[in-house]
Amino acid sequence: MGLTKTIWANPPEYLRMQQPEHPVLFFAPSVLQATARRFLDGFPGLVTYAVKANPDEMVIENLVAAGIRGFDVASPAEIEMIARIAPGAAMHYNNPVRSRAEIAVAVAHGVRSYSVDSRSELAKLAALVPIEGTEISVRFKLPVTGAAYDFGAKFGATPDLAADLLAEAARAGFIPSLTFHPGTQCTDPMAWDAYIRTAAGICERAGVRAERLNVGGGFPAHRAAAHAPQLESIFALIDRVATEAFGAQRPALVCEPGRGMVAEAFSLAARVKAIRDDSHVFLNDGVYGGLAEMPLIGAVDRIEALAPDGHPRACAPVGRVVFGPTCDSVDRLPGEIALPADLAEGDFILVHGMGAYTTVTNTRFNGFGDLQLATAMRLRA
Ligand SMILES: *Cc1c(COP(=O)(O)O)cnc(C)c1O
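Numbering (the working numbering) for the sequence shown: 1393 to 1773.
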């Protein structure tokens, strides 16, 4: 039995030596810690991480090592995992609908911050959680702008209802706060502008000074090669608009990135199973695996094609129809994907920026999707 190497220099090294027949997600802890520091240094408030984007324990451990001290949790399983791996970290239970049994788990773990978007859920919390020292963060929504899909379709009170809920929470003795989520992969910073100004209006209408304003997740990842997201300019806009909108009443700010924190720290490798009659490409991963988001929010075009020996394919790209491995016809990447003209059976494609919503949406439909995780020093050769 030989030694097992557990940290690889880069994905090509692993692919060349292992010749994997299953999809592989490569994780670079150094990239995750660098992104965490970018948020911690740049965001003008408390940085928390939305666990659902990628709950891998290595992700949580590396975020803690980088200095992240708060987590957005949405279920008892997430609460129990964070309590175990990051004891003492703040947990914000920002799924605004919870069963009584779920609330009991949160109380037992000392969760002191809950979002609400309805009177019924506020009343439920008032009956079940300690009032003193507990924050109620009223979640409000606006018609969506700029994001890849509309989170307001499920959660969020209208600004009118939010003002009532904020006043009600303050009257009941909770710490009153506000929260919103501009929608995931939000590439238009003006969404934050609109939400923050609306938040100030809600406080005015309620006659309540919000203790904190949580500006959500939604920070975009680098999906299109030509458009690197400018996190620092979004942070600067949030900072400026919060002061303009609230003046002396400015609440403390919180953010809860999922995608923007974790996407860049992972790259996904899939193998070319076949190229049918020189045209359609079949991969061993698809929309039921790590590529689930592509039909929903668009393909990632940061793709490298590697020969089995790990060297990049060098021909000019051509548009290809790309299918996943299952027998389902929706298992296809959207549109055509630009891949080098010399792509061949047995090659690998390496998709960058794949850390968010990939492991969690991976199914084993049709017996495919045996996604393996490998740790690498770097994700680029
Ligand atoms: C999913 C979610 C997030 C993270 O969203 P991203 O778009 O991945 O940043 C943050 N907050 C809440 C309440 C969420 O449900």
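C-beta: ideal position from N, C-alpha, C; glycine also.
By alpha-carbon positions, which one of the options ends up nearest to residue i?
i: I1695; options: C1707, L1660, A1684; result: L1660
i: H1672; options: V1713, V1743, A1697; result: V1713
i: L1765; options: N1754, N1758, V1503; result: N1754
i: Q1622; options: M1409, W1400, P1421, T1427; result: T1427
i: G1745; options: H1619, E1413, L1514; result: H1619
i: L1534; options: G1525, P1551, T1526; result: P1551
i: R1430; options: M1409, D1723, P1649, L1735; result: P1649
i: K1665; options: P1404, M1769, A1549, H1414; result: H1414
i: S1721; options: G1747, F1740, N1758; result: N1758
i: F1715; options: P1709, E1728, M1582; result: E1728
i: G1711; options: L1735, P1700, P1704; result: L1735
i: R1492; options: L1514, I1567, A1598, I1588; result: L1514
i: S1422; options: A1549, N1454, G1434, A1662; result: N1454
i: G1761; options: P1412, S1467, R1642, R1668; result: P1412
i: A1496; options: D1670, A1481, F1740, S1467; result: S1467
i: L1771; options: G1639, Q1410, F1532, F1419; result: F1419
Does ligand 1 have a heavy atom nearer than 7 angstroms to the CB of residue i?
i: G1434; result: no
I think residue i touches residue j, with their Cβ atoms under 8 angstroms apart; what is that distance to the nearest whole Å?
i: G1702; j: L1407; result: 6 angstroms
i: C1707; j: A1691; result: With a Cβ gap of about 20 angstroms, C1707 and A1691 do not count as contacting.
i: N1446; j: V1654; result: 5 angstroms
i: G1652; j: P1612; result: 6 angstroms
i: M1450; j: V1465; result: With 8 angstroms as the limit, M1450 and V1465 do not qualify as a contact, their Cβ atoms being about 18 angstroms apart.
i: L1553; j: C1595; result: Actually they do not touch by this definition, with Cβ atoms about 14 angstroms apart.
i: V1600; j: A1562; result: 5 angstroms
i: E1807; j: G1565; result: As shown, the chain starts at 1393 and ends at 1773. That puts residue 1807 outside it, with no answer to give.
i: H1501; j: I1471; result: 5 angstroms
i: P1700; j: G1738; result: 5 angstroms
Using a threshold of 8 angstroms, state whether the C-beta atoms of residue i and residue j are closer than that.
i: A1773; j: N1402; result: yes
i: Y1506; j: V1489; result: no
i: I1630; j: L1645; result: yes
i: F1658; j: P1717; result: no
i: T1579; j: G1608; result: no
i: S1569; j: S1512; result: no
i: L1742; j: M1686; result: no
i: D1693; j: A1616; result: yes
i: G1747; j: E1656; result: yes
i: V1752; j: K1444; result: yes
i: A1549; j: R1597; result: no
Answer with yes or no whether the minimum CB distance from residue i to chain B is below 8 angstroms.
i: T1398; result: The displayed structure is made up of one protein chain only, and chain B is not part of it.
Pocket of ligand 3 defined by Cβ to heavy atom distance under 6 angstroms: This structure lacks ligand 3; the ligands present are ligand 1.
Contact between the segment 1468 to 1482 and the segment 1679 to 1690 (3+ Cβ pairs under 8 angstroms): With the cut-off at 8 angstroms, the segment 1468 to 1482 and the segment 1679 to 1690 do not touch.
At least three beta-carbon pairs within less than 8 angstroms, the segment 1431 to 1441 to the segment 1457 to 1471: Because the criterion of three Cβ pairs below 8 angstroms is met, the segment 1431 to 1441 and the segment 1457 to 1471 touch.
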